[in-house]
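Chemist:
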Amino acid sequence: MSWQSITARDNPHLQRLRKLAQDGGAYRKLGGVWLEGDHLARAAVQRGVRPALALITDVAAADEALRALADAAPKVLVVSPALFKTVSGLESPAQIGFELPLPTQPRIDAGADSVVLDRLQDAGNVGTILRSAAALGFRQVLALKGTAALWSPKVLRAGMGAHFGLSLIEGLAVEDLDALKVPLLATSSHADALLHQAELPSPCAWVMGHEGQGVAEALMRRCALRVGIPQPGGEESLNVASAASICLYESARRRLG
2 MSWQSITARD
12 NPHLQRLRKL
22 AQDGGAYRKL
32 GGVWLEGDHL
42 ARAAVQRGVR
52 PALALITDVA
62 AADEALRALA
72 DAAPKVLVVS
82 PALFKTVSGL
92 ESPAQIGFEL
102 PLPTQPRIDA
112 GADSVVLDRL
122 QDAGNVGTIL
132 RSAAALGFRQ
142 VLALKGTAAL
152 WSPKVLRAGM
162 GAHFGLSLIE
172 GLAVEDLDAL
182 KVPLLATSSH
192 ADALLHQAEL
202 PSPCAWVMGH
212 EGQGVAEALM
222 RRCALRVGIP
232 QPGGEESLNV
242 ASAASICLYE
252 SARRRLG
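Just so we're aligned, residue 2 is where the sequence shown starts under this note's numbering, counting upward by one.
See below:
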């Protein structure tokens, strides 16, 4: 591994990292993923991910634990906190970040418990759903075209490390879901049954729809079951990430008996 001190704002490595940090879709063009902060960096390393590059401030490099974390990368760039701030997409930048190679997109696992994301726009919702999926044993997430970029910095931050325990496939068309051999389930105001009363198949794929429009009609027609979530408090609807957590928990609870 090599450590290199960088002082020039226009250094090519820093220019690349700025694009990855500040443009949510840049990873698709550049083939790299920006992780900012020691929590995400540790989550990646603990899952066996080897970063291509570490960026660390000279202040953080004096911390033994952060220095050891940076050593997970074959190349480490050391910058001032002010220069790190020019890369970061955060108001309060962290002191360390990794560039990872963009993971190769896997094929759809036909029989896996899955979550299908239908054009979800909010990065916080998407990341939260990934976190719930990982925690509750839904290891495959399938994102249809129009969904927030799964490997964008905002989704990564909201996912809190969940990405590294999931099989993530994005850019799909509705027809691509034909590869799934498990039933599709969705929440709907025109439900067949309430969630706690319905017979939930296992394995299955829960479909979560656009924040404003819900699940597209063409996709809803493919669902084997539509359920409602009881809301005795009288709210019109739930946030999609909250609804996803409730549905995934109910499936996981029944699996565990």
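Glycine included, C-beta positions come from ideal geometry on N, C-alpha and C.
Would you please state the rounded distance, in angstroms, between the beta carbons of leucine 157 and leucine 70? I believe it to be under 8 Å.
Modeler: Not confirmed; about 17 Å, so no contact.
Chemist: Which class does glutamine 261 belong to by DSSP, given the choice of helix, strand or coil?
Modeler: What the structure shows of the chain is the stretch from 2 to 258, and residue 261 is not part of that stretch, so it cannot be assessed.
Chemist: For alanine 194 and glycine 229, what's the separation of their Cα atoms in angstroms?
Modeler: For alanine 194 and glycine 229, the distance between alpha carbons rounds to 6 Å.
Chemist: Since alanine 44 contacts glycine 162 with CB under 8 Å, what's their CB separation in whole angstroms?
Modeler: At roughly 3 Å, the Cβ-Cβ gap stays under 8 Å, so alanine 44 and glycine 162 are in contact.
Chemist: Our contact map puts valine 216 next to aspartate 110 with C-beta atoms below 8 Å; I'd like the distance itself, whole angstroms only.
Modeler: About 22 Å separates the two Cβ atoms, so there is no contact after all.
Chemist: For the alpha helix (DSSP H) that glycine 25 lies in, which residues bound it at each end?
Modeler: Here glycine 25 belongs to no alpha helix (DSSP H), and DSSP marks it neither H nor E.
Chemist: Once you ignore the five residues that flank arginine 132 on each side, which residues in its own chain have a CB closer than 6 Å to its CB?
Modeler: Answer for arginine 132: Gly160, Met161 and Ala163, listed in chain order.
Chemist: Can you tell me whether arginine 108 is buried or exposed? The criterion is at least 16 other CB atoms within 10 Å of its CB, across all chains shown.
Modeler: Exposed.
Chemist: Going by DSSP, which residues form a beta bridge with methionine 161?
Modeler: In the DSSP output, where bridge partners are listed per residue, methionine 161 has none listed.
Chemist: What separation, rounded to the nearest whole angstrom, lies between the Cα atoms of glycine 49 and tyrosine 28?
Modeler: Spanning the two alpha carbons is a distance of roughly 20 Å.
Chemist: According to DSSP, is arginine 43 part of a helix, a strand, or is it coil?
Modeler: Correct three-state label for arginine 43: helix.
Chemist: Name the DSSP beta bridge partners of arginine 132, please?
Modeler: None, per the DSSP bridge assignment.
Chemist: Alpha carbon to alpha carbon, how far is valine 241 from glycine 210? Give it in angstroms, no decimals.
Modeler: Computed Cα separation, rounded: 7 Å.
Chemist: Within 10 angstroms of its Cβ, does glycine 147 collect 16 or more other Cβ (buried), or is it exposed?
Modeler: That one is exposed.
Chemist: Going by C-alpha to C-alpha distance, which of Thr129, Ala42, Ala135 and Leu178 sits closest to methionine 221?
Modeler: The shortest Cα separation from methionine 221 among Thr129, Ala42, Ala135 and Leu178 belongs to Leu178.
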